[in-house]
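A short worksheet on the structure shown next.
In our numbering, the protein residues as written are 17 to 565.
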């Protein structure tokens, strides 16, 4: 088949069978979802890859965890008999008859597995965490239980771990200058809630700007992104309500659902058949025991899934929520600013109407280089949350310089600052993302997610390779984030790269060369396919004249 600019573009004049093409991709372990087959809901192909774990790698990973578990029990035995010094959090001697305060398995995992590779996390940074950063070197003499500083600073480490998608994490430029001016005028903190003496004119201007940016009637902001989910979902649902949650939803969504007291049912990740089955069963059977209709049904999904790099199949979710009269809560923490021709998130990415999403949530911590989160929607919804959300009623107002950072960066993205810098950053991020993902596939790594997602997970699998990968990359002046259980399934450990608009091609090439070198060293190039057609123009639309269901 001809390599073309867009993976899905097939010349129908040559009578190629699209299904046959997809079968070819599946032979290489790829999940390819064609969009036009779904009732014309998509304007271009929806393409993601989740290559299966090689059988040998899976077996060796389980064996590795088994060996570490055996040694963990052996070390616990030695600690119990004072043969090895014990640093762990444990019950006090006078409380030996109490119910254990710590969960046994999580505590076992932390002291015997996590501690072996703890040096890969919580590294102190002593500069702006932009495209490059400076790290304070540290050393441990007791197997990562404690750390000491050497006094040396590791300079100019390329930052491939921060979700600084549009490069607004910076200490120069219009955003930093505006934040500094506001700090002089308003100070750093407000020391009050919005409902009391903490409602500044800048807060109200920011919320109006957010609503205009999203294309909704109204919006409100919160000082913490995690609390935006965990404290607002309980205000929207309760006993007698049903929450349908994607199995890979963020912990803040999971916590919010649990705190609400609603019945929770989980559907397979991004699987519309699984979601529709739950919706149909909920309508037919109603509540357990009484079979009364549910008071409301709320679907919880994310725009970009932060550990998988996948993008929600939003057109299909909206079609299902309309069909079954459910409400949709969309978490755009990672997608707002990072997707869409003008950075307006996954809704714009698919060319959808923002009013089709009932509750639009997002954070300012990523693409905007600030802090906090927001919820947008109808005016009635926002007015209700202002008086019923714990995060709105009890939390301290957002810091004025943080608010100004949000206002200035958002106006830059919208082009209201009189420049094209924002649009250029959005386009640069899209180009960097496609290039970085394509090169990783060509090198031979298994990577997860959507081709347009700036979250790029590279699969490592084995526990020993988590720590080794992070350390070896730092030796080559590349800062990465390695992730394992409980943030991922126990055998699906990975390195998570986050692409930024501030990364130059030279930086990406330097990182790719280091990744390839470490991949050879650790033998983690597991992919059974190497080269995929390049996507030179990620926003090109593709249509199909023929498509069979």
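Glycine included, every Cβ here is placed at the ideal spot set by N, Cα and C.
Secondary structure at residue 197: helix, using DSSP grouped into helix, strand and coil. With contact defined as three or more Cβ pairs closer than 8 Å, the region 482-489 and the region 84-102 are not in contact. By the 16-neighbour rule on beta-carbons within 10 angstroms, residue 165 is exposed. In this structure, residue 133 places its C-beta atom within 9 Å of the C-beta atom of residue 160. Residue pairing by DSSP places residue 175 opposite 495 in a beta bridge.
Secondary structure at residue 364: helix, using DSSP grouped into helix, strand and coil.
456 is the residue among 298, 456, 529 whose C-alpha sits nearest the C-alpha of residue 542.
When secondary structure is reduced to three states using DSSP, residue 463 falls in the strand class. Following the DSSP letters along the chain, one finds residue 272 inside the alpha helix (DSSP H) bounded by residues 267-276. The DSSP-derived three-state label of residue 473 is strand. Within the region 302-368, complete alpha helix (DSSP H) segments of at least 4 residues are found at 330-339, 362-365, given in chain order. Distance check between residue 418 and each of 495, 193, 283 places 193 closest, using alpha-carbon atoms only. Our two residues, residue 90 and residue 74, have alpha carbons roughly 25 Å apart in a direct line. DSSP places residue 257 outside any beta strand (DSSP E), giving it a letter other than H or E. When C-alpha distances from residue 509 are compared across 411, 519, 482, the shortest belongs to 482. Note that the C-beta distance between residue 325 and residue 535 is not below 9 Å. Going by C-alpha positions, residue 236 is about 19 Å away from residue 372.
Contact annotation: residue 320 and residue 337 have beta-carbon atoms that are not nearer than 9 Å. In summary, residue 533 is exposed, with fewer than 16 beta-carbon neighbours lying within 10 Å of its beta-carbon over all protein chains present. Per DSSP, reduced to three states, the secondary structure at residue 514 is strand. Taking C-beta separations shorter than 6 Å and ignoring five residues to either side along the sequence, the partners of residue 214 in its chain run 206, 208, 413, following chain order. Annotation: the continuous beta strand (DSSP E) that includes residue 152 extends over 148-155. DSSP links residue 280 through a beta bridge to 259.
Around the beta carbon of residue 263, fewer than 16 other beta carbons lie within 10 angstroms, which makes this residue exposed. The beta carbons of residue 278 and residue 299 sit about 16 Å from each other, so the pair does not count as a contact at 8 Å. Look at residue 238 here: in three-state DSSP terms it is strand. In this structure, residue 245 and residue 230 do not form a Cβ contact; the two beta carbons are roughly 17 Å apart against a cut-off of 8 Å. Beta-bridge partners assigned by DSSP to residue 543: none are found.
Here residue 210 carries a coil assignment [DSSP, helix/strand/coil].
When Cβ pairs closer than 8 Å are counted between the two stretches, the region 509-519 is seen to touch the region 169-184, the count reaching three or more.
Per the DSSP secondary-structure output, residue 64 pairs in a beta bridge with 466. Looking only at 111, 471, 103, 200, the smallest Cα-Cα distance to residue 415 is reached by 200. Residue 190 holds the alpha-carbon nearest to the alpha-carbon of residue 434 among 249, 190, 274, 174.
Taking C-beta atoms under 8 Å as the contact rule, residue 187 and residue 145 fail to qualify, at a distance of about 10 Å.
In the same chain as residue 473, and ignoring 5 residues on each side of it, the C-beta atoms closer than 6 Å to its own belong to 325, 464, 510, 512, in chain order. At the C-beta level, residue 361 and residue 353 come within 9 Å of one another.
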